[in-house]
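Trainee: Each step along the sequence shown adds one to the number in UniProt numbering, with nothing skipped, and position 470 is 470.
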Amino acid sequence: MPLVLRIALPVPLPTLFDYLPPASGAAAVGSRVLVPFGRNKAVGVVVETDMPAHVGSTRLKRVLRVLDETPLLDAELMQTLAWAADYWLGAPGEAYANALPLLLREDKPLPETQEPIWQLTIAGRSALDAGSRRGGSRALLQALLAGPMSATELDTTLPDWRPAARRLVEAGLIERAEPAPSSAFFPAVPKLALHAEQEVAIAAVTEAFGRFQPFLLDGITGSGKTEVYLALIERTLAQGKQALLLVPEIGLAPQTVRRLRDRLGVPVEVLHSNLAEGERARAWLRMRAGEAKVVLGTRSAVFTPLPHAGLIIVDEEHDSAYKQQEGFRYHARDLALVRGRALQVPVLLGSATPSLESLANVEAGRYRALHLRSRPAATHPPQVQIIDMRAQRLEHGLSPALLHAVGDAVTRGEQALVFRNRRGYAPVLLCHSCGWHAECPRCEHPLTLHAAWRKLVCHHCDLQAPVPSTCPTCGGQELKPQGQGTERLEEALTAHFPQVPVLRIDRETTRRRDAFEQLLDNLAEDAPAILVGTQMLAKGHDLPNLTLVAIVGVDEGLLSVDFRAGERLGQLVVQVAGRAGRARKPGRVLLQTHHPDHPLLHTLLAQGYTAAAKELLAERKQTGLPPYGHQVLLRCEAHQRAVVDAFLSEACAALPTADTLQIAGPMPAPMPLRAGRQRGQLLIESPSRRDLHAAVRPWSAQLAQLPSARKVRWSLDVDPIDLY
1 MPLVLRIALP
11 VPLPTLFDYL
21 PPASGAAAVG
31 SRVLVPFGRN
41 KAVGVVVETD
51 MPAHVGSTRL
61 KRVLRVLDET
71 PLLDAELMQT
81 LAWAADYWLG
91 APGEAYANAL
101 PLLLREDKPL
111 PETQEPIWQL
121 TIAGRSALDA
131 GSRRGGSRAL
141 LQALLAGPMS
151 ATELDTTLPD
161 WRPAARRLVE
171 AGLIERAEPA
181 PSSAFFPAVP
191 KLALHAEQEV
201 AIAAVTEAFG
211 RFQPFLLDGI
221 TGSGKTEVYL
231 ALIERTLAQG
241 KQALLLVPEI
251 GLAPQTVRRL
261 RDRLGVPVEV
271 LHSNLAEGER
281 ARAWLRMRAG
291 EAKVVLGTRS
301 AVFTPLPHAG
311 LIIVDEEHDS
321 AYKQQEGFRY
331 HARDLALVRG
341 RALQVPVLLG
351 SATPSLESLA
361 NVEAGRYRAL
371 HLRSRPAATH
381 PPQVQIIDMR
391 AQRLEHGLSP
401 ALLHAVGDAV
411 TRGEQALVFR
421 NRRGYAPVLL
431 CHSCGWHAEC
441 PRCEHPLTLH
451 AAWRKLVCHH
461 CDLQAPVPST
471 CPTCGGQELK
481 PQGQGTERLE
491 EALTAHFPQV
501 PVLRIDRETT
511 RRRDAFEQLL
521 DNLAEDAPAI
531 LVGTQMLAKG
541 HDLPNLTLVA
551 IVGVDEGLLS
561 VDFRAGERLG
571 QLVVQVAGRA
581 GRARKPGRVL
591 LQTHHPDHPL
601 LHTLLAQGYT
611 AAAKELLAER
621 KQTGLPPYGH
631 QVLLRCEAHQ
641 RAVVDAFLSE
651 ACAALPTADT
661 LQIAGPMPAP
671 MPLRAGRQRG
681 QLLIESPSRR
691 DLHAAVRPWS
701 AQLAQLPSAR
711 KVRWSLDVDP
721 IDLY
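#1: Taking buried to mean at least 16 other C-beta atoms within 10 Å of its own C-beta, is residue 411 buried or exposed?
#2: Beta strand (DSSP E) containing residue 671: first to last residue?
#3: Hey, which unbroken runs of the alpha helix (DSSP H) at 4 residues or more fall wholly within the region 626-656?
#4: In or out: residue 40 buried (at least 16 other Cβ within 10 Å) or exposed?
#5: In the DSSP output, which residue or residues are listed as bridge partners for residue 331?
#6: Nearest-angstrom Cα distance between residue 413 and residue 204?
#7: With a threshold of 8 Å, are at least 3 pairs of Cβ atoms found where one atom belongs to the region 328-343 and the other to the region 92-108?
#8: Using only the alpha-carbon positions, how far apart do residue 420 and residue 258 sit?
#9: Verify whether the separation of the beta carbon atoms of residue 415 and residue 591 is less than 8 Å.
#10: Measure the Cβ-Cβ separation of residue 225 and residue 308 and say whether it is below 8 Å.
#11: Could you tell me whether the Cβ atoms of residue 638 and residue 711 are closer together than 8 Å?
#12: Are residue 34 and residue 43 touching if we call contact CB-CB under 8 Å?
#13: Residue 479 bridges to which residues according to DSSP?
#14: Using a 10 Å radius around the Cβ and a threshold of 16 neighbouring Cβ atoms, would you call residue 163 buried or exposed?
#15: Between which two residues does the alpha helix (DSSP H) harbouring residue 54 extend?
#16: Taking the CB atoms as reference points, tell me whether residue 370 and residue 218 lie closer together than 8 Å.
#17: Identify which residue in 427, 476, 469 has its Cα closest to the Cα of residue 457.
#18: Measure the alpha-carbon distance for residue 140 versus residue 127 and round it to whole angstroms.
#19: Residue 316: buried (16+ other C-beta within 10 angstroms of its C-beta) or exposed?
#20: Let me check understanding here. Comparing Cα to Cα, which of 594, 577, 593 lies closest to residue 586?
#21: With residue 719 as the anchor, note down where its alpha helix (DSSP H) starts and where it stops.
#22: Relative to the C-alpha of residue 171, which residue among 260, 463, 122 is closest?
#23: How about residue 766 and residue 684: do their beta carbons lie closer than 8 Å?
#24: Go through its chain and collect everything with a Cβ distance to residue 19's Cβ below 7 Å, but skip five positions before and after it.
#25: Where does residue 333 land, buried or exposed, given buried means 16+ other C-beta within 10 angstroms?
#26: Return helix, strand or coil for residue 425, following the three-state DSSP convention.
#27: Going by CA-CA distance only, name the one from 534, 610, 38, 716 that's closest to residue 355.
#28: Answer yes if the region 107-121 comes into contact with the region 337-348, meaning at least three C-beta pairs across the two stretches below 8 Å, and no otherwise.
#29: For residue 561, count neighbouring Cβ atoms within 10 angstroms of its own Cβ and tell me buried if that reaches 16, exposed if not.
#30: Could you check what DSSP says for residue 17 in three-state terms: helix, strand or coil?
#31: Between the alpha carbons of residue 459 and residue 723, how many angstroms are there, rounded?
Structure below.
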């Protein structure tokens, strides 16, 4: 048998592919290669070399070309990715592809790591002096008047600069240029004085430099977790090492990168899906080459090369956005810990509301807990009050007490946030005459009314339909919106407070690139305003004049059948409440509910998140649910229910019999129809992670061979964070 290269290709198949070595050039582990695949060509990653072939050489194809002189993925990343593909039962090719920015998955030369800069031409200076340009074009000319700027710098200072740049280049008013060999960076803001708890946390993590040690930084909102991160990154840089900081949402990245650049005085690389592909590839390559020292990014940034690793930080570690929900279903927080062990560096997980998984790891002695319990910038913690909605006359879902509190806040010149985690105008459009309601025919779920668009929209499959003028069933004209979304609350608050600006922040108002930051920048720090928003506003944003937070729709979290609902509600309440009173003005939090006596609310209010989490952990332990039990979920969908049932039955029969496994299903998914496809699932549970993987690993390889497998779409989710 010939010796072959074993290559990972970006296809959803649970296997590596054998190829003969190229006719010229040598391929090393971690290098990209171009290979024939079917009738096309594909770029893959070499995983093993000099391996005995599984088939005869006559059936093997040869690598067409080696794309890298030196391996693009180093030994640590290759080892980590192999572990990740095995643990999350993913297709190895998809795991390796996830580690590379999109531009590096193509048969193209590597881009230069130095980013071009933009500068004014002589004609551009003249146009600026003459005032011949307006709007975005003038703003860009004005920005470049102080000196050349890179795309990354322009993204931060002038987010919508690209259309103007294209116009100005065509007019010869600005031009691209190569950057100077070295750019001077200086800290722009002084360090803040640290309080004792921050000093203790910084000292503990610093002492662990050079070895793997997981830490959980459990700090209440406003306690200065970011200052701890900054101080630790400074110490990492002082040792000539690299730091990786993960945040859960793109919306947090611009604000955080400004703070990092202002404080550290060094270039900060940014990696998230809103960046142009060239910029992502350059940032990734600069980190790989050791040219860059600090990278800030969302979930996929966990794959950034760190040849001189010193520290990994995961901010808001509890956030579900760290779990990939399609394709290769990894969890970035957990992968950060695996990388920290391989790189022998400390990993700091930070949150005001730690996940129950992390708290259980502290309890078991696997993580070391660090606590921040004081808010140095605030006089007092916010006062939390429950509003009993029973027997109250509501105005668009808002109680008189809530409206009165909002009125008091804006009268004092302060800002209020009304939080509702449901976008659109109303979740249901109902006929008052016959009871008909608008339903998605592909999901059998109510369509959400979006009044501004004059459309009905399915939030599950994105189906859109016009708003009927009369009831399709009875012809009546009594069509009434039921319930409240952020759009309806915005309308109601604007009508109630016509002299106060009302800003809505949700997915609809922030579709444009950097619209989120621009909306927040429009808030005058010392002027009254009312914000209406979804969970986008719950995380990490400092609004000094925000003193009142009112949470609408608490009951949905109290009544959910999802075993994680209590944990998520507690986290949401605490995170949203943490936006109030972060500066010198005292804060106030209102919770509207029809269930004022619910034990979870009482524990949260009387004793805080720590006590509520302790009770939830005790419940999970008693029932054997995560983090004390472990789960693998097989999801399946097809156009016919019988096909779904047949596949799940075959899959269940193929499972090995073991006393340590509990099997739930086959059963319909909690949402049995979505986008016109029937959905079902099979849940495998075990108190032992090792036993679960030992049983499921060989079983997962058999699933594709089942007779009905080709008739369905199926996926495996290890450690699922929801059962939908």
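Here a beta-carbon is modelled for each residue, glycine too, at the ideal position from N, C-alpha and C.
Mentor: To lay it out plainly:
#1: exposed
#2: 662-674
#3: 641-654
#4: exposed
#5: 323
#6: 42 Å
#7: yes
#8: 29 Å
#9: no
#10: no
#11: yes
#12: yes
#13: 431
#14: exposed
#15: Note, residue 54: premise wrong, no alpha helix (DSSP H); not H, not E.
#16: yes
#17: 427
#18: 12 Å
#19: buried
#20: 577
#21: Counting along the chain, residue 719 falls outside any alpha helix (DSSP H), and DSSP gives it neither H nor E.
#22: 122
#23: There is no way to answer for residue 766, as the model of the chain reaches only from 1 to 724.
#24: 4, 5, 7, 35, 60, 61, 62, 63
#25: buried
#26: coil
#27: 610
#28: no
#29: exposed
#30: strand
#31: 17 Å
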